[in-house]
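As structure tokens, the structure follows; a few thoughts come after it.
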Amino acid sequence: MSSLLLILAVVVLCVSAEWTRDLSGGFFGQKKKTLPAKQSAASCSPHRNCPSDHFSFFLQSGAANVVGPKICVQNQLVLGSVKNNAGPGINIVIINGRSAEVLHSAYFNMYSGDVSPLIELLKNIQKGSIVLMASYDDPSTKLTDDARKLISELGSSAVSSLGFRDNWVFVGGKGFKAQSDYEKHLKNDKEKNKYENWPELIQLQGCIPKYPE
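With mature numbering (1 follows the signal peptide of the UniProt record, and there is no 0) applied, the sequence shown covers -17 to -1, 1 to 196.
This is the structure:
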């Protein structure tokens, strides 16, 4: 498939129809919901109402190296291409676990960048913070064992096996239980990939409990 056809295929998929998968991370191979054809890049659709002691979130990984990721909190986009704060590698949003105030957003290029700033950020996350992550293009080439360990301490079970151009979305926290229930990981497999050298995008949405007072 030519580069032009790859770009067209990704764009058509992202603006016309996406696949919804269950929160447990299962992949059923069936189309469960079609999003509106005119969905904006700033959209956090579908909106979700959560109990008062929870926050809503919506995560979308990037698609190939063409369409960037999204991270939404309380039905508001807090990281994405239209906000100029998303990029290749690992995209991160840190929020206050009691108020949902956005404390930090950033992305770290894990193909040609330096992992040191990511490690420094992970080391300084405060207890009670909720951390949301989404991959774009390649999240793993520069990801060291130290960085993987710090992410696993936030509750990730997939980061240890995260590979070249895998798609991955994750919500965890500092001071929460050991393993998060909010994570999806889709391996880069040329026999199964949607976009030639990349797997298809993945989404994750739900309600995460506030950090207890």
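Every residue gets a Cβ at the ideal spot worked out from N, C-alpha and C, and that includes glycine. As the structure is a prediction and not an experimental result, all values here were calculated from the model.
Check, Outcome
"For L187, the three-state DSSP class (helix, strand or coil)", "strand"
"Endpoints, the beta strand (DSSP E) within which I113 is located", "112 to 119"
"Helix, strand or coil at A161 according to DSSP, with G and I counted as helix", "coil"
"Bridge partner(s) assigned by DSSP for K167", "V152"
"Cross-strand partners of K53 (DSSP beta bridge)", "Q43, G63"
"Contacts around G51, its chain only, beta-carbon distance under 6 Å, and the 5 residues preceding and following it disregarded", "G45, S64, A69, Y119"
"For I191 and P34, the rounded distance between their alpha carbons", "10 Å"
"D129 versus S143 - alpha carbon distance", "11 Å"
"Under the three-state DSSP convention, the category Q86 falls into", "Note on residue identity: the sequence assigns Leu, not Gln, to residue 86. Here L86 sits in strand by DSSP."
"6 Å CB neighbourhood of residue 205 in its chain, flanking five on each side removed", "Outside the shown range of the chain, which is -17 to 196, sits residue 205, and nothing can be said about it."
"Residue(s) in a DSSP beta bridge with I70", "What sits at residue 70 in the sequence shown is Gly, not Ile. G70 pairs with nothing; no bridge assigned."
"Nearest-angstrom Cα separation, counted from G156 out to S139", "9 Å"
"Alpha carbon of A117 to alpha carbon of N74, nearest angstrom", "5 Å"
"Cβ-based burial, S112 [other Cβ within 10 Å; buried from 16]", "buried"
"Pair within 7 Å by beta-carbon distance, G80 and Y194", "yes"
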